[in-house]
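Residue numbers (my numbering), protein chains in the order written: chain W, 1028 to 1309; chain Z, 1028 to 1309.
We put the CB at the ideal spot given by N, CA and C, even for glycine.
2 protein chains.
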Amino acid sequence: MSEPDAALLSLNTATVRAQWTLPEIIGGCARHGIRGISPWRDQVAAAGLKETATRIRDAGLTVTGYCRGGMFPAPDRNGRRAAADDNERAVDEALTVGARCLVLVVGGLPKERDGRIASKDLQGAREMVRDGIGELLEYARPAGMPLAIEPLHPMYAAERACVNTMAHANDLCDELGAGLGIAVDAYHVWWDPRLKHEIERAGARERLLAYHICDWLVPTTDLLNDRGMMGDGVIDLPLLRSWMEANGYRGFHEVEIFSNRWWQRDPDDVLATCKARHRECT
Amino acid sequence: MSEPDAALLSLNTATVRAQWTLPEIIGGCARHGIRGISPWRDQVAAAGLKETATRIRDAGLTVTGYCRGGMFPAPDRNGRRAAADDNERAVDEALTVGARCLVLVVGGLPKERDGRIASKDLQGAREMVRDGIGELLEYARPAGMPLAIEPLHPMYAAERACVNTMAHANDLCDELGAGLGIAVDAYHVWWDPRLKHEIERAGARERLLAYHICDWLVPTTDLLNDRGMMGDGVIDLPLLRSWMEANGYRGFHEVEIFSNRWWQRDPDDVLATCKARHRECT
């Protein structure tokens, strides 16, 4: 298998969010020769939207995704309306920073304002997601901002995303049409026996909008914040990349590591390690 | 939806393994009017196989499953041979205690003797699982012991079981034929958008051999040992039971809770709570 193109490394800013502000992360990418970036909305808000757009453009970075829209389910119409409005703002922001897509973490079971789960109706939540994406597409499609559903690992079905397989994401794309695609995150989908088939299905319809990488640690000690640096876990990342490339994906490889361990490390070391591991282990 | 039949409650002995020996658990079931039990091999070995079989029979308990066979993948032929031999012993033990099925937790990626993952070849591990089950069926089928594949949650793909969906388990049953079925554990499969369809598929072929219940807590603080008591989490257990029953399942409802919390509680309280929650929440 060929080595990955070093020019296709992108940094999801969550990877060093504990150590650096967004301007510092942009500076770090420039300094380390990382040419893609995928920023989070809260960081952009803190740094200023227009200032961030300018700073990213001046650094010559490609915005491989904007994190994130979604969280569609809510227990009542007002809640779903608030999510819809917020998602339109996310589209606007993604356009301003020149993102290649708006990543959608679609949300899990509907929650009360205090965070408690309001309903166990998973099928109902999935219908809210379908309806919410359909409505958002009417705003994003004419604006020219592709929406990328990120299927999340099934362990997040209740709290973060009730789209948990590539097959489900492909089904939604089939149903909802143009302007919608998929962000494939190795951490979330590596276990799926249908993965190769569903990447083929997505590739044939030009739906492969983003590719996120990190690794699954053994053992994993925390459901959310114990993701691994590429090479430290058990995912066959070169194999996954070969499937993406065989099905037409030519985009960036975005490192996204939620990790209490890496958040304690010197951020320049983290970026240097991302570069090395991207080359050696993916 | 109708209430569950209280006579169909079964106790997987892992639920109180930290507090009680197996003879104590059998006594507890009798005392609480719980009529089914599913014991683990290590507990049976500690209590004596024949003594346990006698004790369970004398208590009038149905053995709803025997836990467990499986763990097929290994880095070399010797390791796979050792697993095969051990699995034949598990079949023998299951026969001795009169179990309705031997539950298979099929194993994840092959491991070295020290526990480290030996290979990232997930497809290869899945082939070892298929071959291992196929071989074990040649022993179990004539002996009259049904094998029940338990698809485990995808978060266990690396370490415990690389069969993570009902669809995959159904595919294996299609390929390997008679004597093989599925243990449906709500905790492992509740998130699956294909669940209803795959229960229908399994039911049509009389593959629904066991039904395990507990609950998915929000938040879940440990990947292995933070499972919830029925009613404390987000799984729509009455809906799942309705799907099982609509597709012909008439067997027990086996409570299996791996929980650092419940393992610290008085075991009589745990059993009383299982009974109440079975009636109220499943």
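Spatial distance of residue i from residue j (CA atoms)
i	j	result
W:Ala1121	W:Met1172	7 Å
W:Ser1286	W:Ala1170	35 Å
Z:Met1098	Z:Val1132	6 Å
W:Thr1247	W:Gly1258	14 Å
Z:Pro1066	Z:Ile1284	13 Å
Z:His1239	Z:Cys1200	19 Å
Z:Val1245	Z:Leu1266	19 Å
W:Ile1226	Z:Gln1150	16 Å
W:Pro1100	W:Arg1108	10 Å
W:Lys1039	W:Lys1077	Residue 1039 of chain W is actually Asn in this sequence, not Lys. Taking the straight line joining both Cα atoms gives about 19 Å.
Z:Val1156	Z:Leu1203	11 Å
W:Met1193	Z:Ala1074	46 Å
W:Gly1278	W:Leu1035	7 Å
Z:Arg1268	Z:Asn1191	20 Å
W:Ala1210	W:Asp1198	14 Å
W:Gly1060	W:His1305	13 Å
Z:Arg1058	Z:His1280	18 Å
W:Ala1231	W:Leu1163	24 Å
Z:Val1090	Z:Gln1291	25 Å
W:Arg1234	W:Trp1243	25 Å
Z:Ile1053	Z:Leu1298	12 Å
W:Val1282	W:Lys1147	33 Å
Z:Thr1079	Z:Trp1047	14 Å
W:Glu1323	W:Ala1196	Residue 1323 of chain W is absent from the model: chain W starts at 1028 and stops at 1309.
Z:Leu1251	W:Asp1249	11 Å
Z:Leu1129	Z:Glu1139	26 Å
Z:Asp1295	W:Met1256	45 Å
W:Arg1068	Z:Ile1262	31 Å
W:Gly1275	Z:Ala1045	53 Å
Z:Leu1264	W:Ile1064	43 Å
Cβ-based burial, residue i [other Cβ within 10 Å; buried from 16]
i	result
W:Arg1062	buried
W:Gly1096	buried
Z:Ser1029	exposed
Z:Ala1229	buried
Z:Gly1055	buried
Z:Glu1307	exposed
Z:Arg1153	buried
Z:Glu1177	buried
Z:Gly1135	buried
W:Gly1206	buried
W:Ala1008	Missing from the structure shown is residue 1008 of chain W; chain W here goes from 1028 to 1309 and no further.
Z:Asp1293	exposed
Z:Glu1165	exposed
W:Asp1212	buried
Z:Asp1219	buried
W:Asn1317	Here chain W covers residues 1028 to 1309 and nothing more, so residue 1317 of chain W does not appear.
Z:Gly1260	buried
W:Gly1106	buried
Z:Val1087	It should be noted that the sequence gives Gly, not Val, for residue 1087 of chain Z. Z:Gly1087 should be labelled exposed.
W:Ala1033	exposed
CB-CB length for residue i against residue j, believed under 8 Å
i	j	result
W:Pro1137	W:Thr1309	The pair is not a contact, with the Cβ atoms about 37 Å apart (cut-off 8 Å).
Z:Pro1050	Z:Arg1082	6 Å
Z:Tyr1214	Z:Cys1241	5 Å
W:Val1124	W:Val1071	7 Å
Z:Ala1237	Z:Ala1175	5 Å
Z:Asn1223	Z:Trp1270	This sequence places Lys at residue 1223 of chain Z; Asn is not what is there. With 8 Å as the limit, Z:Lys1223 and Z:Trp1270 qualify as a contact, their Cβ atoms being about 5 Å apart.
W:Tyr1093	W:Ala1145	Not confirmed; about 28 Å, so no contact.
W:Ala1110	W:Gly1159	7 Å
W:Leu1179	W:Arg1187	6 Å
Boundaries of the alpha helix (DSSP H) in which residue i is found, first to last residue
i	result
W:Asn1197	Met1193 to Leu1203
Z:Ala1184	Looking at the DSSP string, Z:Ala1184 is not in any alpha helix (DSSP H), and its letter there is neither H nor E.
W:Leu1035	Here W:Leu1035 belongs to no alpha helix (DSSP H), and DSSP marks it neither H nor E.
Range of the contiguous beta strand (DSSP E) that encloses residue i
i	result
W:Leu1207	Leu1207 to Asp1212
Z:Leu1298	Run containing Z:Leu1298: none in the beta strand (DSSP E); it sits in the alpha helix (DSSP H), Pro1294 to Cys1308.
Z:Ala1175	Leu1174 to Ile1176
W:Cys1094	Tyr1093 to Gly1097
Minimum Cβ-Cβ distance from residue i to chain A less than 8 Å
i	result
W:Asp1259	Included in the structure are the protein chains W and Z, with no chain A among them.
Distance cut-off 7 Å: residue i Cβ against heavy atoms of the ligand FAD
i	result
Z:Val1130	Of ligands this structure carries none, so the ligand FAD is not represented either.
Which runs of the beta strand (DSSP E) fall wholly inside the segment 1124–1172 of chain Z and span at least 3 residues, in chain order? 1129–1132
At which residue ranges does the segment 1042–1088 of chain W contain complete beta strand (DSSP E) runs of 3 or more residues, listed in the order of the chain? 1063–1065
Hey, which unbroken runs of the beta strand (DSSP E) at 3 residues or more fall wholly within the segment 1221–1279 of chain Z? With a minimum length of 3 residues, the continuous beta strand (DSSP E) runs that stay inside the segment 1221–1279 of chain Z are 1235–1240.
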